[in-house]
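Student:
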Amino acid sequence: MHLINNKLAAVVAVYIAYSTDAILVNTLSCVILGIFALVILRSKVWGQVVKVS
């Protein structure tokens, strides 16, 4: 029983590590996408401002 409990604990620990990694990756990708979107929007707006002036 002790070995089974250890294996279960290891599986749970790995699962938690993977799920937190996934959350971190998702958060990072969202942040990166947000930054890219801001940069693109600002460059478009900047381009319009430059054209206008």
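Quick note: to get the numbering used here, add 15 to the position in the sequence shown (first position is 1). For glycine and all other residues, C-beta sits at the position ideal for the given N, C-alpha and C. For clarity, every value in this text was computed on a predicted model and none was experimentally measured.
Work out the CA separation of Cys45 and Ala52 for me, nearest whole Å.
Tutor: Straight-line Cα distance between these residues: approximately 10 Å.
Student: Taking the C-alpha atoms as reference points, what is the distance between Val27 and Val67?
Tutor: When rounded, the distance between both Cα atoms is 59 Å.
Student: Do you know offhand how far Ala24's Cα is from Ser34's?
Tutor: Cα-Cα distance, rounded: 15 Å.
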